[in-house]
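Mapping to UniProt numbering: the sequence shown position 44 is 44, numbers consecutive. Okay, structure first, notes after.
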Amino acid sequence: MTTTALECLYRRALEHSQAVFVHDAGALDLPKVDAKASKAPIFDIQSRPGAGSTLLGYLADVVASSDSTSQLPVTIIASPAAFELLVPALTSLDQLHHRPRLSLIILAAAPGLQSGTLALTTGADAIGRAIQHLFDSGSDEEFEIRFSGGSGQGASELLLDAAANEKLLAEGKDVIHIIEALSAAREWGHYQLPTGPGVATPAATNYIGPQEPETVLVLPSSLDSALAIGAWYSAQQSSVQMKLGVFVVAQIRPWPIAALKDLPFARARVVHVISSGRDDQWLLRELSSLLPHAGSSKGSAPSIQPLVLGATERPTLAIYASLLATLASAGTPNIAFDELTKVKVGLASLAAVPSSAHVGATKLITFWDTDAGPLAALPRMLAQSVHDEGMNARLVQGIDRFAGKEAGRGVSNAQMLLSPGGQAISKWQPGDVISHPLDAVADSTPPSFVMLASPQSILGTYSAFEQVGPHTQVLCCSSWSADDFREKLNNFNKSKLADRPTGSLWSLHVDGIAKSLGAHAVHVAYAAFWIMFLRAPGGHKADAGANVTSSVAQLLRSLRVDGDVEQLVQSVRDGIQLIELPKEGEGQPAAPAEVDQASPESLAPLPGRLSVDSFEPSSARVFPEPQPESQIKPREAAKRLIFPELYQTVKSERPDLSEDNFLLTVTENRRLTPLDYDRNVFHIEFSTKGTGLKYAVGEALGVHGWNDPDEVAEFLEWYNLNPDQIVDCPSATKPGTVEQRTVYQAFMQNLDIFGKPPKSFYEALSTKASDLAEARHLRFIASAEGSSTFKKWSELETVTYADVLKAFPSAMKNVGLIDLLREVSPIKPRHYSIASSQNFVGESVHLLVVTVDWATPKGVTRYGQCTRYLAALPVGAKVMVSVKPSVMKLPPLDTQPIIMAGLGTGAAPFRAFIQERAWQKSQGIEVGELLYYFGSRYRGKEYLYGEELEAYLQDGVVTRLGLAFSRDTSKKVYIQHKMVEDGSQIADLLVNKKALFTLCGPTWPVPDVYEALCNALVTKGKSLEEAQAYIEELKEDERYVLEVY
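Quick look at the structure:
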């Protein structure tokens, strides 16, 4: 049965692991297996910082378990990005003794988003950073690290390495196995994982080249190394094979330093080490430290130079052939890899390479269809049949999920290489054409046969005929007639198909035959393949004689096809039609090309190589239909303003908001921190006089902030919008009514244009993009598969609606004002804890706010929308607010003590608490103790409301003031340290006086504060377990309250 090396590994992991952790599953395209039948539990982990804590927690539980005797390893399958995020957990493994062994399988494939394409790349940059971090931490000694899939033996080598890794795991070693996941691991064939004591230990290195090289290229075993080896063997220039060698590293550390002197690469004049960029220099650093000690008897050690290979694009055989030729002819120039000429490299010279492969009998078959079409399922079906017929078949199938012209449809392209049987795949030699990475062969040699379905969709996305040669047979599985080919093909495709011998372009209406016979379209296509493949060569018609017909019918029976298979074969024979296209310059001028998105005069309007972003068909995706645009009528707006009684027009400050809002006036806006301090913490007061606003201690004020006026003006000018234009907006709060405002008002007060867009915005925008690459990228981000990219854009880069529109100009041009009003989310109110007691301050409400600003990884400065708005408000400005309840409340009894812990602006609700108790005390009301613990960085710069607090302490309103300024002393002091000092008093108040404990501020000190409370309770005779149980009781009684952010 046909399978892939990756499927073999995955099934083996499910059968022979005590647990399997799959990190970043959406990016891995793992084979579909029945998880319910797995012997091991499967944990799907999202790729994010800290994700390794789940693994550490599992291992800790196993270690602590009384039943931790299992000898099975724990398997982790991860993408390159997830591998990098796992490193912190891997460096902590030495803290877990007697734990299970770890088997990390890293699939070297990652989206190349930086290049503006979604095509998968090798992920070498993230892998390189992860390995370097392991080296830097010293944790690499814990692991056997192996690369495989890139030495010319492909999937077979990968499986041999995996079998050897099982022996290492059984010996008690941890293994990191980095596998080439773009070609070797994905290749379909008859593979199985070797088992048993006879499994050999794979070589740590592999060298191809002369014994006395001038230059050596060094790479880890990967797709790049497989391509480099293939380029070396296929070199048309003898200087390459005479002067240059390729050294492949399959296993790292410990290095055989003593043996390095005897390796040819150590005798070279120059060693070029491939890397993906400045963050991927681990192999360069390793060799730089080793080779000076391994100089040959000829002289000094070689000069080691980095050769940066950009990780943004998938490498090709042509690029490596150009690179090797440049190195061989130019000596040691400074080579810019991305500037190498991407020449076509033929494989004709392989026929002269001593090899047991039958090069001349090898046939390359190419299949194109949508990922839901009949030809998408055909290649795997054929690979099995070909094997059953005694031939060798290699198959790689890729998907571009976001290239289809129909929403939710992708494009499938498969390459199948057939060769005579009788030779095991594992015996192929590195120089054989059949041992090259399969897509490299497809890039460099014309196919023998091309099958294409859905031409209207495929040829509008890819130039599927770019690789056809003079003798390539082409079968188009569609209803296209000869006239359709002449009228709908663009000039480039027409010239590729017409300038060849007559009798090489055929058409078959697969769907029509399937429908008429009640058969499956894939079985019709299957029969067509074998008829074309087995037909008599050289004929001008698809001559399927009796022997061929009988053979194809038998093949269909082997698939257990129901019905009259002879009739199916006969219908296919009769349905295959020869298409003759006029030679260049003959016939009528070409009609407009329906399927060509570029100029008809373009020589190569579309790419011929699939932009592979997946190896599985796209999941069903539904994109929203564009809504009809409502008309903006300035005259109608004017009528409503001139005749308000007739149109029942009502003026309102914010008609888009509910009636539970209040318009307040700023009476004070005062900065509390020094001007030269990097944090702007400010106190702002609003008058509530005449508004009817009432609030309770502990509640929050919701502020309806505005966008920055300069940014709005700049955006409107860039978008070419008239700020004074009046627009109609359906009311969100009052159905059936229309709200009118100017464009400027809408973008200032209503639309969160500088906020973070949800996935639905990317979906909607994808339907507007006229550029194919932009539409594909937007669909990817909106899909489940693009979750990690969406998360990066949203949480790390914090991209805004405006940023996204600027990033996709072809979509932006088709997004009108009404689209923005409909798709951009409204500005939501930001809530701030009220820093005042209304009993104490009267007709006023106070806030304590810190301005929020940060720099993205790309260096773009961002601002918190509402804090920026509040900080700039002058006295007298009007602000729309609302009141929201909070978990922060005074205890039901005035005599109950309160223990307060506030950090930074978390002091706000406690100022209200203290003011309320001060007012109660002034009214002769008996009140309980107040213990206040406040923390910030510097007493002289961030002691918020310090003078007030000292006065309250003097007046006896505050019983204890525990101040912690972390950066005023060499030893950092935090509020939990102050609480430990008062542990006995805190425990007494909690246990004997029913005190309320409450904390407001960031989340990070919560565990330490919790521990301080537990220790305080332990001082009163409770065990640690009893203290923890008591705090749980406090939570139930609402006497342990946290408001954290």
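All C-beta atoms, glycine included, are put in the ideal place defined by N, C-alpha and C.
Check                                                                                                                                                                         : Outcome
What is the residue span of the alpha helix (DSSP H) that alanine 376 lies within?                                                                                            : 374-388
Smallest Cα separation from tyrosine 695: which of Leu193, Leu944, Val681, Leu847?                                                                                            : Leu847
Quick one: is tryptophan 1004 buried, meaning 16 or more other Cβ sit within 10 Å of its Cβ, or exposed?                                                                      : exposed
Between the Cα of glutamate 1041 and those of Glu950, Gln241, Leu890, Ala908, spot the shortest distance and give me the residue it belongs to.                               : Looking at the sequence shown, residue 1041 is not glutamate but valine. Comparing Cα positions, the closest option is Leu890.
Got a sec? Which residues, its chain only, sit under 7 Å from asparagine 839 by beta carbon, not counting five neighbours each side?                                          : Glu916, Trp919
So, helix, strand or coil for tyrosine 719, using DSSP?                                                                                                                       : coil
With a floor of 3 residues, list each beta strand (DSSP E) that falls wholly inside the stretch 18-65, ordered by position along the chain.                                   : 19-23, 42-45
If you pair each beta-carbon of the stretch 86-104 with each one of the stretch 122-136, do three or more pairs fall below 8 Å?                                               : yes
Just to confirm my understanding: we take glutamine 251, look at its own chain, exclude 5 residues before and 5 after, and list those with CB closer than 6 Å. What are they? : Arg146, Ala204
Does the beta-carbon distance from arginine 911 to alanine 987 come in below 8 Å?                                                                                             : no
Does the stretch 748-756 come close enough to the stretch 705-724 to have 3 or more Cβ pairs within less than 8 Å?                                                            : yes
Is there contact here, the stretch 865-875 with the stretch 973-991, by at least three beta-carbon pairs under 8 Å?                                                           : no
Should isoleucine 827 be labelled buried (16 or more other beta-carbon atoms within 10 Å of its own) or exposed?                                                              : buried
Is isoleucine 914 near tyrosine 952, with beta carbons less than 8 Å apart?                                                                                                   : yes
Compute the beta-carbon to beta-carbon distance between leucine 102 and aspartate 174, rounded to the nearest angstrom, for a pair I have assumed lies under 8 Å.             : 4 Å
Which same chain residues end up closer than 6 Å to aspartate 853 when comparing Cβ atoms and leaving out the 5 residues on each side of it in sequence?                      : Tyr863
So, does the CB of glutamate 916 fall closer than 8 Å to a CB anywhere in chain D?                                                                                            : The structure shown contains no chain D, having only a single protein chain.
Would you call residue 1048 buried or exposed, if buried means 16 or more other Cβ atoms sit within 10 Å of its Cβ?                                                           : Here the chain has residues from 1 to 1045 only, and residue 1048 is not among them.
Taking one C-beta from the stretch 468-475 and one from the stretch 775-792 each time, how about it: are there three or more such pairs within less than 8 Å?                 : no
CA-CA distance, histidine 387 and glutamate 180?                                                                                                                              : 24 Å
Run through DSSP, which three-state label would tryptophan 706 get?                                                                                                           : coil
Beta carbon of phenylalanine 533, beta carbon of methionine 451: below 8 Å?                                                                                                   : no
May I ask you to list the residues that DSSP assigns as paired with tyrosine 832?                                                                                             : Leu701
Determine, using beta carbons only, whether tryptophan 232 and leucine 317 come nearer to each other than 8 Å.                                                                : no
Is the beta carbon of valine 849 less than 8 Å from the beta carbon of tyrosine 832?                                                                                          : yes
I'd like the span of the beta strand (DSSP E) that includes glutamine 397, first residue to last.                                                                             : 392-400
For lysine 878, does the three-state DSSP call read helix, strand or coil?                                                                                                    : strand
Determine the closest residue to asparagine 547 out of Phe21, Ser558, Gln570, with distance taken between C-alpha atoms.                                                      : Gln570
Going by beta carbon distance, what residues of the same chain come within less than 6 Å of lysine 941, once the five residues before and after it are set aside?             : Thr673, Pro674, Tyr677
For the alpha helix (DSSP H) holding alanine 775, just list the boundary residues, first then last.                                                                           : 772-782
Starting from glycine 245 and walking both ways along the beta strand (DSSP E), at which residues does that stretch end?                                                      : 244-249
Apart from the five residues just before and just after valine 1044, which ones in its own chain have a Cβ nearer than 6 Å to its Cβ?                                         : Thr1003
Would you kindly work out how many angstroms separate the C-alpha atoms of histidine 6 and histidine 190, rounded to a whole number?                                          : Here residue 6 is leucine; the residue named in the question, histidine, does not match the sequence. Approximately 12 Å between the Cα atoms of the pair.
With 16 other CB atoms within 10 Å as the buried threshold, where does serine 770 fall?                                                                                       : exposed
Phenylalanine 21: which of Leu85, Val62, Leu104 sits nearest, CA to CA?                                                                                                       : Leu104
Should lysine 541 go down as buried or exposed, given a rule of 16 or more other Cβ atoms within 10 Å for buried?                                                             : The predicted position of lysine 541 is uncertain, since its pLDDT is 41 and thus under 50; a value taken from the coordinates is nonetheless stated next. When all chains shown are included, lysine 541 counts as exposed.
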